[in-house]
Amino acid sequence: MVRHYTVNLIYARTDLESRYAFDVIGQLFFSRMFGFMKNAHDYGGYIHSLDLLIPFIAVACASPAYLRPIVLISGALIPRVFKALKALKHIEEASEACVTERKRRIERGKADDCEDMLQSFFNIMHQKGTDKDFGMTEIKAEVYGALWVLLYRMSSAH
Amino acid sequence: MILRGATDADVVQTDFYLPFRSTWSRYPDAFTNLDERQHAERRRIVNSLYSMSNILRMEESVDKCVQMLVDKLSEGATKGSTLDMSTWVQW
């Protein structure tokens with residue numbers, strides 16, 4: 000048993016170096032893990048969706064800008080890929096829901112114990128939001144951007 | 000394709016990442032912004048959050064995730080089950 004674990008961990012070393020863990024990002028940004036590890040399942044089917052979309056994303060990124068809509072639309076015509084696109088769209092909606100929920104907590108004065116990235120974005124908005132034109136949309140964009148960087152890094156590691 | 004973080008300030012990022020850009024944000028995000036000056040301006044607003052000192056401040060949060068992984072690996076070892084590590088490190 001011990002020998003089996005050791006072998007697997009050696010193979011996993013490259014993955015550990017090159018990928019972020021979804022749950023770590025959830026914990027750092029929202030003070031809660033998504034539940035990939037706890038429930039030992041592909042939360043929201045994100046990883047499976049990503050695997051399906053990688054070829055289309057790669058081809059779209061490498062294509063001239065005027066061909067990209069054609070590549071993406073062709074991909075979306077395949078039912079499995081369309082489903083995967085919807086699953087990834089859920090990431091955007093989920094991150095938006097987290098931002099909205101935190102805004103409500105702050106308004107009720109119940110977010111004093113939050114010390115995560117999301118809370119830091121709200122602090123920036125309160126401190127210099129007017130000066131720097133940094134509002135709710137920018138907070139959502141930061142969260143959305145962080146999740147996409149994570150996904151892209153994971154796809155790069157495949 | 001040129002990634003951010005290149006030491007040569009004159010190197011321009013290509014439009015490789017544009018399919019990742021959100022359609023609703025008022026400013027292009029740091030990942031896809033092709034305007035170097037605007038990228039620097041917008042990035043400066045949130046730069047401190049991505050510093051090593053801030054990440055270290057949240058070390059306790061990372062510890063929780065490491066502990067969860069260790070607990071799950073121990074659980075697998077106790078049961079004698081096989082775990083696909085390439086999947087687990089993604090989680």
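Heads up: the protein sequence lines correspond to chains A and B, in order. With numbering that gives the first Met the number 0 as the guide, the letters of the first sequence map in order to residues 0 to 157. With numbering that gives the first Met the number 0 as the guide, the letters of the second sequence map in order to residues 0 to 90. No residue lacks a Cβ here, since even glycine has one placed at the ideal position from N, Cα and C.
* Verify whether the separation of the beta carbon atoms of E100 of chain A and F120 of chain A is less than 8 angstroms. => As a working mapping, residue 100 of chain A is identified with position 101 in the first sequence. As a working mapping, residue 120 of chain A is identified with position 121 in the first sequence. Contact check for E100 of chain A against F120 of chain A fails: the beta carbons are separated by 8 angstroms or more.
* Asked: Hey, quick one: how far does the alpha helix (DSSP H) through Q118 of chain A stretch, first residue to last?
  -> Sequence index remark: in the first sequence, residue 118 of chain A carries index 119 (1-based). Element bounds for Q118 of chain A: M116 to K131.
* Limits of the alpha helix (DSSP H) - the one that A94 of chain B falls within -> Lying outside 0 to 90, the shown extent of chain B, residue 94 of chain B is not represented and no answer is given.
* Does DSSP classify A110 of chain A as helix, strand or coil? -> Position 111 of the first sequence, counting from 1, holds the residue named residue 110 of chain A. Assigned with DSSP and collapsed to three states, A110 of chain A falls in coil, not helix or strand.
* Using 8 angstroms as the limit for Cβ to Cβ distance, is C60 of chain A near chain B? -> For the purposes of this step, residue 60 of chain A is taken as residue 61 along the first sequence, with counting starting at 1. Contacts with chain B at 8 angstroms (Cβ-Cβ) include C60 of chain A.
* W87 of chain B (DSSP reduced to helix, strand or coil) -> Taking the first residue of the second sequence as 1, we reach residue 87 of chain B at position 88. Residue state, collapsed to three classes: helix.
* Should the segment 28-47 of chain A be called in touch with the segment 74-94 of chain A, which here means at least 3 C-beta pairs below 8 angstroms? -> Result yes; three or more Cβ-Cβ pairs closer than 8 angstroms.
* Would you be able to state if there are at least three C-beta pairs under 8 angstroms between the segment 40-53 of chain B and the segment 121-131 of chain A? => Taking 8 angstroms as the limit for Cβ pairs, the verdict is that the segment 40-53 of chain B does touch the segment 121-131 of chain A.
* Once you ignore the five residues that flank F19 of chain B on each side, which residues in its own chain have a CB closer than 7 angstroms to its CB? -> Counting from one through the second sequence, the residue named residue 19 of chain B turns up at place 20. Around F19 of chain B: F30 and T31.
* Could one say the Cβ of V23 of chain A lies closer than 8 angstroms to chain B's Cβ atoms, at least one of them? -> Looking up residue 23 of chain A in the first sequence gives position 24. With 8 angstroms as the cut-off, V23 of chain A counts as an interface residue toward chain B.
* Taking DSSP as the reference, what is the three-state secondary structure of T151 of chain B? -> The displayed coordinates of chain B run from 0 to 90. Any statement about residue 151 of chain B would go beyond what the structure contains.
* Asked: So V58 of chain A is in the alpha helix (DSSP H); what residue range does that whole segment cover?
  -> One-based indexing of the first sequence puts residue 58 of chain A at position 59. Per DSSP, V58 of chain A belongs to the alpha helix (DSSP H) from Y45 to A61.
* To do: Could you tell me the boundaries of the alpha helix (DSSP H) in which Q26 of chain A lies?
  => The residue given as residue 26 of chain A occupies position 27 in the first sequence. Under the DSSP assignment, Q26 of chain A falls in the alpha helix (DSSP H) whose first and last residues are F21 to F29.
* **Interface flag, Q118 of chain A vs chain B, CB-CB below 8 angstroms** => For the purposes of this step, residue 118 of chain A is taken as the residue at position 119 of the first sequence. Q118 of chain A does not count as touching chain B.
* To do: Would you please verify whether the beta carbon of S21 of chain B is less than 8 angstroms from any beta carbon of chain E?
  => No chain E appears in this structure, whose protein chains are A and B.
* Does L48 of chain B come within less than 8 angstroms of chain A when only Cβ atoms are used? -> What you label residue 48 of chain B is simply residue 49 of the second sequence in a count that begins at 1. Answer yes: the Cβ-Cβ gap between L48 of chain B and chain A drops below 8 angstroms somewhere.
* G74 of chain A versus S62 of chain A - alpha carbon distance -> Here the question's residue 74 of chain A lines up with position 75 in the first sequence. Here the question's residue 62 of chain A lines up with position 63 in the first sequence. Straight across, the Cα-Cα distance linking G74 of chain A with S62 of chain A is about 14 angstroms.
* Residue range of the alpha helix (DSSP H) that includes L55 of chain B -> To locate residue 55 of chain B, count along the second sequence from 1; it is residue 56. Bounds of the alpha helix (DSSP H) holding L55 of chain B are M51 to R56.
* Rounded Cβ spacing between E137 of chain A and Y26 of chain B (contact assumed at less than 8 angstroms) -> As a first step, residue 137 of chain A is located in the first sequence; it is residue number 138 there, counting from the start. As a first step, residue 26 of chain B is located in the second sequence; it is residue number 27 there, counting from the start. Their Cβ separation, rounded to whole angstroms, is 7 angstroms, which keeps E137 of chain A and Y26 of chain B in contact under 8 angstroms.
* Best match in A:I123, A:K37 and A:N122 for proximity to K71 of chain B [C-alpha to C-alpha] -> What you label residue 71 of chain B is simply residue 72 of the second sequence in a count that begins at 1. Among A:I123, A:K37 and A:N122, the Cα nearest to that of K71 of chain B is on A:K37.
* Under 7 angstroms from the C-beta of A28 of chain B: neighbouring residues of chain A -> Locating residue 28 of chain B in the second sequence gives position 29, where the first residue counts as 1. According to the sequence as given, residue 28 of chain B is Asp; it is not Ala. Here the neighbours are A140 and G144.
* Leaving aside the five residues before and after K139 of chain A along the sequence, list all residues of the same chain whose C-beta is less than 6 angstroms from its C-beta, in chain order. => Translated into positions along the first sequence, residue 139 of chain A becomes position 140. Hits under 6 angstroms: E95 and V98.
* To do: Using a Cβ cut-off of 9 angstroms, pull out every chain A residue sitting near M57 of chain B, in sequence order please.
  => Residue mapping note: residue 57 of chain B aligns to position 58 of the second sequence, counting from 1. Within 9 angstroms Cβ-Cβ: Q26, L27, E114, D115 and M116.
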